[in-house]
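J.:
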């Protein structure tokens with residue numbers, strides 16, 4: 001039986017490239033005012049790409065074993081902890097989200113790796129346009145008092161908007177600026193590529209997102225280190241990741257004991273986080289091996305009276321999540337979860353180390369930026385936040401395989 005033309009490998013490839021271009025352009029348009037839409041766009045694009053690959057190539061895009069195994073082990077164990085979680089209802093819901101996000105993302109990346117490099121070039125151009133659009137619109141929102149956000153919600157300029165409305169797109173844009181700079185570098189526009197992250201870091205300084213600014217500074221710190229020695233940058237990141245995942249409860253307690261949280265010059269949000277992290281560290285060490293179970297963060301809150309520093313009065317010590325991914329993993333999944341997370345991070349660094357020099361030069365700052373923000377902002381399991389990381393990785397992958405080296 002002859003395969004219909006519309007289901008031929010070439011036809012499926014054409015539709016895949018159109019889909020990727022449409023997805024990333026839509027992402028760029030939505031990012032500045034609706035970052036939560038990232039998760040919907042990623043899921044739809046990933047699922048349709050998988051289906052088109054399956055139909056066109058006649059086989060499922062199974063992810064590479066060595067890359068998928070650490071991820072599968074981590075989330076399988078996270079699912080196991082739902083059995084003893086003190087918040088089983090939310091744990092069950094979170095497991096469904098894990099399955100949806102990573103169940104399509106891993107085969108999606110495998111499908112992207114299977115696409116011909118020459119065919120990916122139009123998609124790479126669309127990625128560059130989409131990333132540039134997203135960052136440009138974010139800057140418009142930042143410096144013009146969020147006109148798009150207000151317009152889409154029927155708000156006038158006299159109304160005050162909560163900080164998260166600009167902080168979320170700031171954090172995701174801090175991730176996406178690195179693949180954008182990498183794509184520009186591959187076009188031969190080296191000076192512009194070098195300037196983009198620096199200029200964005202300056203812009204982030206005008207936002208209320210201290211995590212985005214800190215993430216950019218972390219990336220900019222590792223950038224020259226990577227330029228001097230890629231191996232040195234990778235080894236240093238391996239060490240930083242090991243300290244973050246293995247020693248975070250003890251670091252949090254030491255930070256609180258140092259009195260930093262009581263310093264009057266410290267921003268309120270950071271002073272609050274120091275208190276949160278100290279509380280979470282204590283809870284983590286009560287169950288150091290297997291943790292309190294998935295989504296336990298949501299039900300282990302407490303209150304304290306603070307009398308000095310930027311945070312004064314009664315404060316909540318665990319508002320839904322610790323704003324620190326390593327601590328949340330320790331709290332909910334215990335030391336076992338921390339070890340599995342470390343293995344996952346090390347595998348990612350090992351994979352980055354196999355890329356060409358130019359790709360590594362931008363991938364390590366992206367990793368450092370993401371690591372800093374994951375340790376200071378948002379919940380480790382928030383789907384839109386995870387989708388931001390996966391979207392940045394997908395953009396980087398498309399630009400790596402489909403970008404053109406010129407100049």
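In full-length UniProt numbering, the protein residues as written are 1 to 407.
All C-beta atoms in this analysis are idealised placements derived from N, C-alpha and C, irrespective of residue type, glycine included.
A quick note: this is a predicted structure, and the numbers were derived from the prediction, not measured.
Pop quiz: residue 127 and residue 395 are said to be a contact at Cβ under 8 Å. What is the actual Cβ separation, rounded to whole angstroms?
T.: As a working note, residue 127 is residue 127 in the chain shown. As a working note, residue 395 is residue 395 in the chain shown. Right, their Cβ atoms sit about 5 Å apart.
J.: Where does residue 161 sit, in a helix, a strand or coil, going by DSSP?
T.: For the purposes of this step, residue 161 is taken as the residue at position 161 of the chain shown. Residue state, collapsed to three classes: coil.
J.: Could you check whether residue 316 and residue 303 sit closer than 8 Å to each other, using their CB atoms as the reference points?
T.: Translated into the one-based positions of the chain shown, residue 303 becomes position 303. Translated into the one-based positions of the chain shown, residue 316 becomes position 316. In contact: residue 303 and residue 316 (Cβ atoms closer than 8 Å).
J.: Measuring CB to CB, does residue 186 end up less than 8 Å from residue 399?
T.: The count along the chain shown starts at 1 and reaches residue 186 at position 186. The count along the chain shown starts at 1 and reaches residue 399 at position 399. Closer than 8 Å, so yes.
J.: Helix, strand or coil for residue 316? Go by DSSP, reduced to three states.
T.: Translated into the one-based positions of the chain shown, residue 316 becomes position 316. Here residue 316 sits in strand by DSSP.
J.: Return the chain-ordered list of same chain residues with a C-beta closer than 7 Å to the C-beta of residue 88, the five sequence neighbours on each side being excluded.
T.: Counted from its first residue, the chain shown places residue 88 at position 88. Only 82 meet the Cβ criterion.
J.: Using the rule of at least 16 other Cβ atoms within 10 Å of the residue's Cβ for burial, across every protein chain shown, is residue 173 buried or exposed?
T.: By 1-based counting over the chain shown, the position of residue 173 is 173. Flag for residue 173 reads buried.
J.: Please name the residue in 18, 393, 352, 92 whose C-alpha comes closest to that of residue 238.
T.: Along the chain shown, one-based indexing puts residue 238 at 238. Here the closest residue by C-alpha is 352.
J.: According to DSSP, is residue 289 helix, strand or coil?
T.: Stepping through the chain shown from its first residue, residue 289 is reached at position 289. Coil.
J.: Would residue 347 and residue 70 be called neighbours here (beta carbons separated by less than 8 Å)?
T.: As a first step, residue 347 must be located in the chain shown, where it is residue number 347. As a first step, residue 70 must be located in the chain shown, where it is residue number 70. Yes, they are a contact pair.
J.: Could you tell me the alpha carbon to alpha carbon distance between residue 157 and residue 178, rounded to whole angstroms?
T.: Your numbering for residue 157 matches position 157 in the chain shown. Your numbering for residue 178 matches position 178 in the chain shown. Each residue's Cα considered, the two are about 32 Å apart.
J.: With H, G and I counted as helix, E and B as strand and the rest as coil, what does DSSP make of residue 303?
T.: Locating residue 303 in the chain shown gives position 303, where the first residue counts as 1. Residue 303: strand per DSSP, three-state reduction.
J.: Return the chain-ordered list of same chain residues with a C-beta closer than 7 Å to the C-beta of residue 318, the five sequence neighbours on each side being excluded.
T.: Counting from one through the chain shown, the residue named residue 318 turns up at place 318. The answer, listed in chain order, is 276, 279, 280, 297, 300, 301, 302.
J.: Just confirm the distance between the C-beta atoms of residue 20 and residue 104, as a whole number of angstroms; I'd bet it's less than 8 Å.
T.: Reading the chain shown from its first residue, position 20 is the one you call residue 20. Reading the chain shown from its first residue, position 104 is the one you call residue 104. With a Cβ gap of about 14 Å, residue 20 and residue 104 do not count as contacting.
J.: Return the residue from the list 361, 338, 18 that minimises the CA-CA distance to residue 194.
T.: Residue mapping note: residue 194 aligns to position 194 of the chain shown, counting from 1. The residue with the shortest Cα to Cα distance from residue 194 is 361.
J.: Does the ligand MN have even one heavy atom less than 7 Å from the beta-carbon of residue 61?
T.: Judged by which ligands are present, the structure shown has none, so any question about the ligand MN falls away.
J.: With DSSP run on the structure shown, which of helix, strand or coil describes residue 66?
T.: Your numbering for residue 66 matches position 66 in the chain shown. In this structure, residue 66 counts as helix in the three-state DSSP scheme.
J.: Looking only at C-alpha atoms, which of 384, 363, 25, 64 sits nearest to residue 123?
T.: The count along the chain shown starts at 1 and reaches residue 123 at position 123. The option with the nearest alpha carbon to residue 123 is 25.
J.: Any chance the stretch 325-337 sits against the stretch 143-162, with 3 or more Cβ pairs inside 8 Å?
T.: No, because fewer than three Cβ pairs between the stretch 325-337 and the stretch 143-162 fall closer than 8 Å, the two stretches do not touch.
J.: Whole angstroms is fine: what's the gap from residue 391's alpha carbon to residue 210's?
T.: Taking the first residue of the chain shown as 1, we reach residue 391 at position 391. Taking the first residue of the chain shown as 1, we reach residue 210 at position 210. Approximately 22 Å, taken between the alpha carbons.
J.: Which residues mark the beginning and the end of the alpha helix (DSSP H) in which residue 118 is found?
T.: Start at 1 with the first residue of the chain shown, and residue 118 comes out as number 118. Unbroken alpha helix (DSSP H) run through residue 118: 117-143.
J.: Which term fits residue 264, buried or exposed, when burial requires 16 or more other beta carbons within 10 angstroms of its beta carbon?
T.: On the chain shown, position 264 is the one that residue 264 refers to. So residue 264 counts as exposed.
J.: Helix, strand or coil for residue 60? Go by DSSP, reduced to three states.
T.: For the purposes of this step, residue 60 is taken as the residue at position 60 of the chain shown. The answer is coil: DSSP assigns residue 60 none of H, G, I, E or B.
J.: Do residue 35 and residue 384 have their CB atoms nearer than 8 Å?
T.: Position 35 of the chain shown holds residue 35. Position 384 of the chain shown holds residue 384. Contact: yes.
J.: Pull up the CB-CB distance for residue 131 and residue 28, whole angstroms please, since I reckon it's below 8 Å.
T.: Here the question's residue 131 lines up with position 131 in the chain shown. Here the question's residue 28 lines up with position 28 in the chain shown. Sure, about 6 Å apart at Cβ, within 8 Å.
J.: If residue 16 and residue 214 are in contact, beta carbons under 8 Å, what's the gap, nearest whole angstrom?
T.: Against the chain shown, residue 16 aligns to sequence position 16. Against the chain shown, residue 214 aligns to sequence position 214. Going by Cβ atoms, the distance from residue 16 to residue 214 rounds to 37 Å, so no, they are not a contact pair.
J.: Expressed to the nearest angstrom, what Euclidean distance is found between the alpha-carbon atoms of residue 262 and residue 256?
T.: Here residue 262 is taken as the residue at index 262 of the chain shown, counted from 1. Here residue 256 is taken as the residue at index 256 of the chain shown, counted from 1. Looking at the two C-alpha atoms, the distance is approximately 9 Å.
J.: Looking at residue 50 and residue 7, is the spacing between their C-beta atoms short of 8 Å?
T.: Looking up residue 7 in the chain shown gives position 7. Looking up residue 50 in the chain shown gives position 50. In this structure, residue 50 does not lie closer than 8 Å to residue 7 by Cβ.
J.: Relative to the C-alpha of residue 253, which residue among 268, 226, 285 is closest?
T.: Taking the first residue of the chain shown as 1, we reach residue 253 at position 253. Nearest of 268, 226, 285 to residue 253, Cα basis: 285.
J.: Per DSSP, what kind of secondary structure is residue 77 in: helix, strand or coil?
T.: Position 77 of the chain shown, counted from the first residue, corresponds to residue 77. In this structure, residue 77 counts as helix in the three-state DSSP scheme.
J.: So residue 374 packs on residue 325, CB below 8 Å; how close in whole Å?
T.: Position 374 of the chain shown, counted from the start, is the residue given in the question as residue 374. Position 325 of the chain shown, counted from the start, is the residue given in the question as residue 325. Confirmed, Cβ separation roughly 4 Å.
J.: Could you tell me the alpha carbon to alpha carbon distance between residue 379 and residue 102, rounded to whole angstroms?
T.: For the purposes of this step, residue 379 is taken as residue 379 along the chain shown, with counting starting at 1. For the purposes of this step, residue 102 is taken as residue 102 along the chain shown, with counting starting at 1. Approximately 17 Å, taken between the alpha carbons.
J.: Give the DSSP-derived three-state secondary structure of residue 384 in the structure shown.
T.: Within the chain shown, the letter at position 384 stands for residue 384. Looking at residue 384 - three-state DSSP - the assignment turns out to be helix.
J.: When we look at the beta-carbon of residue 403 and count the other beta-carbons within 10 Å, is it buried (16 or more) or exposed?
T.: Start at 1 with the first residue of the chain shown, and residue 403 comes out as number 403. Result: buried.
J.: For residue 201 versus residue 217, is the C-beta spacing smaller than 8 Å?
T.: In the chain shown, residue 201 corresponds to position 201, counting from 1. In the chain shown, residue 217 corresponds to position 217, counting from 1. Cβ distance < 8 Å, so residue 201 and residue 217 count as in contact.
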